[in-house]
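Here is the structure we will look at, set down as structure tokens.
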Amino acid sequence: ITSAFNINLLNRINRELEADFDTQYFQHYQSYDPISGACRSFLVSLTNQHVHIKGDSIFFKENELIDMEISQKYAPEEIQRMASLAGFQLIANIEDSKGWFVDSVWRVS
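The numbers in my numbering rise by one with no breaks, and the one at position 36 of the sequence shown is 36.
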């Protein structure tokens, strides 16, 4: 899903910003660091290429990365702590069936 989402972002840039990304020359790559809990996703340029966005030219080298997303994994205690430090009250953590993902609902304290 993340791969399709990120490629779709290039398609949107093409439509909305008059760009010419050729998505066949980009490949999705992701990594997960279990120590920090960070999941990062990138698009990798598969060749040397020029992309034009609203008249500006951007050169991508082969294997150059576009950093697309960082998703962070937090323990429930860390979420509670972040909410409190930011002046919020944690209302609920809504998890997927495996407990891998959570949407955290906060309100101003």
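Quick reminder that beta carbons are idealized off the backbone N, C-alpha and C, glycines included. Keep in mind that this is a model prediction, so the values were computed, not measured.
- For Glu-95, the uninterrupted beta strand (DSSP E) segment begins and ends at 88-95.
- Counting the other Cβ atoms within 10 Å of the Cβ of Val-108 gives fewer than 16, which makes it exposed.
- Counting only runs of 3+ residues, the beta strand (DSSP E) found wholly inside the region 5-74 occupies 26-33, 38-45, 49-53, 56-60 and 65-72, in chain order.
- Between Ala-19 and the set Ala-92, His-50 and Gly-37, the nearest pair of CA atoms involves His-50.
- Bounds of the alpha helix (DSSP H) holding Ser-84 are 76-85.
- By DSSP's assignment, Ser-109 forms no beta bridge with any residue.
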